[in-house]
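Asks:
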Amino acid sequence: MKIDLDRAAMALSLMLEGMSIRATERLTGLARDTICDLIIVTGERCERFFEDHVANVQTEEIQIDEIWSLCGMKQKHANAHKAGPDVGDS
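Heads up, the sequence shown is in numbering that gives the first Met the number 0, so the first residue is 0 and it goes up one at a time.
#1: Grab the span of the alpha helix (DSSP H) containing L29 for me, first residue to last.
#2: Between the alpha carbons of S12 and V53, how many angstroms are there, rounded?
#3: If you count every other CB in all the chains shown that lies within 10 Å of the CB of T58, and 16 or more means buried, which is it?
#4: Using 8 Å for Cβ pairs, my map puts T27 next to A10. What's the rounded Cβ distance?
#5: Less than 7 Å between C-beta atoms, sequence neighbours within five positions excluded: which residues of the same chain meet that for T33?
#6: Does DSSP put E50 in a helix, a strand or coil?
#7: By how many angstroms is the C-alpha of D64 removed from the C-alpha of R21?
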């Protein structure tokens, strides 16, 4: 995968702000598969960095922000349609 750093950074920034892959594709001119590959490579490198640099961290308190999304449809519609457990708010 060969993309210039500015376009890669823009694509990742848009995705981190919650933009869809297709919208990111339109704005950056990158193909969907390239954007998906970029996300995978970035995730693998972040994981490697974390494993190499973060160890034995002593904490008294941890704060985790909530991430809300839906799969297929909102929960109230999933309940009305008797959708399976993999559909609705997550």
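In this text, a Cβ means the ideal position worked out from N, Cα and C, and glycines have one as well.
Replies: On the basis of the supplied data:
#1: Unbroken run through L29: none, as it is neither H nor E.
#2: 24 Å
#3: exposed
#4: 5 Å
#5: M0, I2
#6: helix
#7: 26 Å
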